Structures are given as structure tokens and as C-alpha cells.
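**Student:**
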Amino acid sequence: MNNAFGLDIGSETIKIMQLVKKGAKPRVVAAGVAKNPLLGFISTNEKEITPLAEAIKLLRKESGVTTALVTASMPERSVFIQTIEVPKMTEKELGQAILLQAESVIPKPMSEVSFDWRTIEDEKTQKEGKLKVLIIAAPLVLTEGYLKVLRLAGLDPLSLESESLALTRFIQTTIGKKNILVFSWGMKSADIIVIKNGDFYLNRSLSGTGEALTRAINIGLGLDVPSAEQYKKTYGLSSEAEGKVGKTIQPLLETLVNEIKKAVNFFEEKEQEKIPMMILTGGSSLLSGAAEYFTKTLGLEVQIANPFYGLTVAPDFLETLRKDTPIFSVVTGLAAKEI
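Throughout the sequence shown, residue numbering follows my numbering, covering 4 to 342 in sequence.
1. In whole angstroms, give me the CA-to-CA distance for D319 and V197.
2. Output needed for K24: all residues of its chain with C-beta closer than 7 Å, excluding positions within five of it in sequence on either side, in chain order.
3. Give a yes or no on whether the C-beta atoms belonging to T1 and I282 are separated by under 8 Å.
4. Please name the residue or residues paired with M400 in a DSSP beta bridge.
5. Let me make sure I understand the geometry here. Which of K18, R218, I183, E106 has the alpha-carbon closest to that of E271?
6. DSSP beta-bridge partners for E88?
7. Could you tell me the boundaries of the beta strand (DSSP E) in which Q21 lies?
8. Who are G9's beta bridge partners in DSSP?
9. Residue range of the alpha helix (DSSP H) that K191 falls in?
10. So T69 is in the alpha helix (DSSP H); what residue range does that whole segment cover?
11. Taking the C-alpha atoms as reference points, what is the distance between N39 and A339?
12. Smallest Cα separation from I178: which of N309, Q21, G9, L102?
13. Between which two residues does the beta strand (DSSP E) carrying F331 extend?
14. Identify, in the order they occur along the chain, each residue of the same chain with its Cβ nearer than 7 Å to the Cβ of K133, setting aside the five sequence neighbours on each side.
15. According to DSSP, simplified to helix, strand and coil, what is N261?
16. Could you check how far apart the C-beta atoms of R30 and T315 are, in whole angstroms? I think they sit under 8 Å.
17. How is T212 classed by DSSP in three states: helix, strand or coil?
18. Between which two residues does the alpha helix (DSSP H) carrying P318 extend?
19. Check whether the Cβ atoms of M20 and F331 lie closer than 8 Å to each other.
20. What are the start and end residues of the alpha helix (DSSP H) that includes P112?
21. If we ignore side chains and look at the alpha-carbon of each, how far apart do K181 and Y204 end up?
22. In chain order, what residues of the same chain lie with their CB nearer than 6 Å to the CB of L10, ignoring the 5 residues before and after it?
23. Where does F44 land, buried or exposed, given buried means 16+ other C-beta within 10 angstroms?
24. Are there any heavy atoms of the ligand NAP lying less than 7 Å away from the beta-carbon of M281, as far as the coordinates show?
25. Ordered along the chain, which non-local residues of its own chain (more than five positions away) have a Cβ less than 7 Å from that of G313?
26. In terms of DSSP beta bridges, what is G35 paired with?
27. Grab me the residues of S291's own chain with a C-beta within less than 7 Å of its C-beta, minus the 5 sequence neighbours each way, in chain order.
28. For L209, which residues of its own chain have a beta-carbon under 8 Å away from its beta-carbon, when the five flanking residues on both sides are left out?
29. What residue from L321, W188, F173, E79 has the CA that sits closest to A141's CA?
Here is the structure:
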């Protein structure tokens with residue numbers, strides 16, 4: 004089995020998954036999760052990043068991954084990703100036109116970023132005589148840090164990818180080519196990804212992270228941070244404990260709802276198509292009552308992500324991973340890239 008495995012280096016945890024193409028469905032042959040020992044951003048300082056490299060090495064061994072080839076994620080907030088439209092032209096002209104337009108929208112000099120692009124099939128844009136192009140740029144200092152960590156862990160990196168592109172592929176792999184909004188709700192990140200017919204459309208980073216919810220409970224209920232985190236996990240949006248936790252985080256949730264509605268309205272007005280469903284993923288998606296709350300306030304069908312839907316997974320293996328299921332969404336998309 005020489006398929007590259009996926010590696011999602013999150014702020015709290017490291018996730019790993021290897022898929023192989025076997026029959027109609029990809030098969031999960033290795034998966035696991037471990038704590039991220041690194042506090043702060045990944046740098047190129049070998050001493051600082053060695054604990055993370057060792058944790059990755061150990062997780063790979065314990066999970067039974069059979070290859071050193073890897074596709075890894077980079078944090079969404081650090082990567083610039085956007086769709087642009089250009090007139091149809093020759094391939095040589097296209098590259099020059101994309102570079103020129105990219106220079107005008109990427110917030111860093113091109114000499115300081117790793118840059119890539121690809122065309123997106125879009126019937127509406129093609130009818131207008133244009134091409135839709137996805138451009139991606141990441142700071143070189145970021146990519147160099149990630150590549151150094153991976154090589155210290157004894158890995159052979161094939162590619163680095165933003166979380167939103169990995170989540171887009173996760174949707175393609177498990178659900179298919181549909182219009183869907185993904186809300187990736189982590190401890191230190193909260194990102195909206197809108198997907199059109201199975202391809203990336205737009206992304207937005209929000210402030211209502213899991214950490215922000217914990218902080219609101221910490222201040223609002225006068226609890227220390229560990230207790231606030233435990234209250235959040237235990238009570239969430241339920242009516243238990245007189246619903247105090249839900250009431251405390253309500254202002255943050257309302258802000259999230261408003262931002263999600265803006266993204267949905269923007270898409271539906273511009274594309275004249277509907278987004279019927281939101282997929283909720285990331286560690287904070289497990290907040291008690293979250294799916295029901297967003298269903299009621301957004302008027303959309305809301306489902307908590309099941310990264311193993313559409314994949315073949317051994318029952319005992321699935322049972323081991325079940326409690327952490329939604330956090331495997333990004334790594335599923337990464338693992339699916341090379342199969």
C-alpha cells in the first residue's frame with residue numbers, strides 16, 4: 004500500500020488516516036488521534052518543533068500507517084485562498100493573467116509566498132466566456148516550518164493543503180457534488196466553507212471559536228478556565244443547570260448564525276442556487292444541542308459530520324474512533340487526495 008496518508012495538525016490534536024482504493028468505496032486501513040504537544044505556531048526552529056515531530060512519529064507507528072508519503076494540512080487562517088474569474092485564453096496567456104491578478108489580491112509579496120492555482124469547472128462562468136480559477140498562497144515561513152516538522156518525523160511530504168480544500172474533498176468523497184456549507188468549529192478556529200457542486204466556492208474565518216465559548220463561560224459564570232471548559236462539554240446548550248451555559252454563550256452563537264446567514268445569502272443571490280444543508284464539523288460540533296440550535300436558527304438541514312460515511316471501515320475500528328468522529332473530517336479529505 005503506497006497511498007499517501009493524511010495528517011491534520013490541529014491546534015489541540017494531531018489526526019492521521021490512511022485510505023486505500025478497494026472496490027467501490029475507499030477503505031480506512033489506519034487512523035488515530037493524539038494530543039499536539041506544541042504550544043503556538045510551528046516555526047523552523049528544530050528544538051521547538053522536535054516534540055511535535057516525535058508525537059507524529061509515534062502516532063504513525065501506533066496507527067499502523069504503512070507509508071512515509073504524506074499530505075498534511077495547514078491552518079486555514081494562515082492560507083490565502085480565493086476564486087477569481089479570467090477571460091478564456093491560451094494556456095500560456097492564462098498563467099500570466101492569473102499571476103497578474105493574484106499579485107493584486109494576495110496580501111503579501113509573491114516572493115514571500117508559496118503560490119499555486121487550478122481551474123474550476125463552472126457551467127455559469129463558462130457560458131459567460133470566462134474561466135473560474137482557484138488561487139492559493141501560503142507564507143513561505145509557514146510552509147518551510149511544516150515541511151521541516153514532517154521531515155523530522157521521517158516523512159516524505161507530497162503536498163501541504165489548506166483545511167478548506169481538504170474539507171471540500173471530504174464532502175466530495177463522502178457526500179458527492181452538491182451545494183453545501185461546512186462550518187468547521189474548532190477550539191482555536193471557526194471557519195465557513197461554501198461548496199458549489201462539490202468544489203470550493205468561498206471561505207470565511209470567524210471569531211466564535213470553542214476557546215471563545217469557554218472564555219465567555221469563564222467570565223460569565225465566574226469559573227476557572229478548566230471548570231468552564233468542563234461545563235461547556237457537559238451542559239452545552241441543554242436546559243440542565245438552568246440553561247445557564249447556553250444563556251452565557253448565546254451572544255457568541257448569534258454572531259455565528261448571522262455570519263453563516265450572510266454567506267448563504269451571498270451565495271444564493273449571486274448564483275441563484277440554494278444551499279440546503281450545513282455540515283457541522285470540528286471538536287466544538289460535539290457541543291450538546293449544537294446541531295438542533297443551528298437547524299432552528301438557520302432554517303437549514305444541519306448534520307454533524309460523519310467522515311466515515313461512504314468509506315469501508317472495520318466495525319471494531321469504527322467503534323474505537325466513534326467518540327471523536329467529527330474531528331476526522333479534514334484528515335479524511337487529506338487522505339483521499341492521492342487515492
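Where a beta carbon is used, it is the ideal one built from N, C-alpha and C, also for glycine. Here the structure is a predicted model, which means the values were calculated and not measured.
**Tutor:** In short, the structure shows the following:
1. 34 Å
2. I342
3. Shown here, the chain extends from 4 to 342; a query on residue 1 therefore has no answer.
4. Nothing in the structure corresponds to residue 400, since the chain is present only between 4 and 342.
5. I183
6. K135
7. Unbroken beta strand (DSSP E) run through Q21: 16 to 25.
8. M20, T74
9. It is not in any alpha helix (DSSP H) - K191 carries neither H nor E in the DSSP assignment.
10. Where T69 is concerned, there is no enclosing alpha helix (DSSP H), given that its DSSP letter is neither H nor E.
11. Distance from the CA atom of N39 to the CA atom of A339, rounded to whole angstroms, is 23 Å.
12. N309
13. Judged by DSSP secondary structure, F331 falls outside any beta strand (DSSP E); it is assigned neither H nor E.
14. E88, V89, P90, K91
15. Note: N261 maps to helix in three-state DSSP.
16. 4 Å
17. T212 falls in the coil class under three-state DSSP.
18. 318 to 324
19. yes
20. No alpha helix (DSSP H) holds P112; DSSP gives it neither H nor E.
21. 12 Å
22. I19, V73, A75
23. exposed
24. The ligand NAP is absent from the structure shown, which contains no ligand whatsoever.
25. Excluding sequence neighbours, G313 sits near K28, T176, T177.
26. The partner list for G35 (beta bridge, DSSP) reads I19.
27. Counting only residues of its own chain and dropping the five nearest sequence neighbours on each side, S291 has a CB closer than 7 Å to the CB of Y238, G239, L240, S241.
28. A193, D194, I195, T258, L259, E262
29. Among L321, W188, F173, E79, the Cα nearest to that of A141 belongs to E79.
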